[in-house]
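Note sheet for the following structure.
Chains as they are written, first to last, in this note's numbering: chain A, 1 to 115; chain B, 116 to 226.
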């Protein structure tokens, strides 16, 4: 158990609807990442937070995607006007700024299915 | 061309076999090299971590990095059915916080 929890685990929605995913890392994880993983592919970087500051966003993150980490604790990832191409597993990961810079502690993911 | 290339497999081996998993990469700035294991419907978990070139051993697992060839490997000795999973290589540069993952190799160890 990495201590990173994600909710919901699975979301089925119709095209055009908005969805929000939540990630709760452990309190010591001052860095937080969102990745997207489609079937048969590795995780693709979406965005990264250092405490509450969003320091980097991928070009994959279109205007329909927004992520927040208020107060540097939990984080949310919202997708507006979902499209079928958004169907994927959305992975959240936390880590410590002073630790092994390659070790990310992943949650079990939130699977999105857009009909 | 992707920054990190990995054969998707699947790779099927009998129990007890030595498994070799590999990745190639194009970005010479990568300095940190990781192997993650991902079981079905789970998040990836870190297996091995190596900085720059060289070998690292941990139990039945050995990670090798050859920066001159831009090639990394993971060897699994005495493979077990419980090793059946997808293995993802990942890497990053000194000045970046984001990990770039390969597409993963599915491994099946047959009893």
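Note that beta-carbon positions come from the ideal geometry of N, C-alpha and C, so glycine has one too. Small disclaimer: the values here were computed from a predicted structure and weren't measured.
| request: Verify the CB distance criterion: does residue 213 of chain B have a CB-CB separation below 8 Å to chain A? | output: yes
| message | Less than 6 Å between C-beta atoms, sequence neighbours within five positions excluded: which residues of the same chain meet that for residue 108 of chain B? | response | Beyond the ends of chain B as shown, which are 116 and 226, falls residue 108 of chain B; an answer cannot be given.
| request: Compute the distance between the beta-carbons of residue 42 of chain A and residue 216 of chain B, then report whether it is under 8 Å. | output: yes
| In the structure shown, what three-state DSSP assignment does residue 197 of chain B receive? | helix
| Can you find a CB in chain B that lies within less than 8 Å of the CB of residue 43 of chain A? | yes
| query | At a CB-CB cut-off below 7 Å, which residues of chain A make contact with residue 203 of chain B? | reply | 42
| task | Would you kindly report the start and end of the unbroken beta strand (DSSP E) that includes residue 191 of chain B? | result | 186-191
| If you compare alpha carbons, which of B:142, B:153, B:122 is closest to residue 202 of chain B? | B:153
| message | Counting only C-beta atoms, is residue 21 of chain A closer than 8 Å to chain E at any point? | response | The structure shown contains no chain E; its protein chains are A and B.
| request: Could you list which residues in chain A have their beta carbon closer than 9 Å to that of residue 160 of chain B, in chain order? | output: 2, 105, 106
| field | Nearest-angstrom Cβ-Cβ length linking residue 191 of chain B and residue 119 of chain B, presumed shorter than 8 Å | value | Contact flag wrong, Cβ pair sits at about 20 Å.
| message | I need the DSSP call for residue 209 of chain B, collapsed to helix, strand or coil. | response | coil
| said: Between the region 50-67 of chain A and the region 122-140 of chain B, can you find at least three pairs of beta-carbon atoms closer than 8 Å? | reply: no
| query | Quick one: does residue 85 of chain A have its CB under 8 Å from some CB of chain B? | reply | no
| Between the beta-carbon of residue 69 of chain A and the beta-carbon of residue 79 of chain A, is there less than 8 Å? | no
| task | Give a yes or no on whether the minimum CB-CB distance between residue 72 of chain A and chain B is below 8 Å. | result | no
| Since residue 56 of chain A meets chain B, which of its residues come closer than 9 Å, beta carbon to beta carbon? | 211, 212, 213
| field | residue 49 of chain A vs residue 75 of chain A beta-carbon contact at 8 Å | value | yes
| query | Does the beta carbon of residue 129 of chain B sit closer than 8 Å to a beta carbon anywhere in chain A? | reply | no
| Partners in chain A for residue 123 of chain B, counting only beta-carbon separations shorter than 8 Å | 40
| Cβ pair residue 23 of chain A, residue 85 of chain A closer than 8 Å | no
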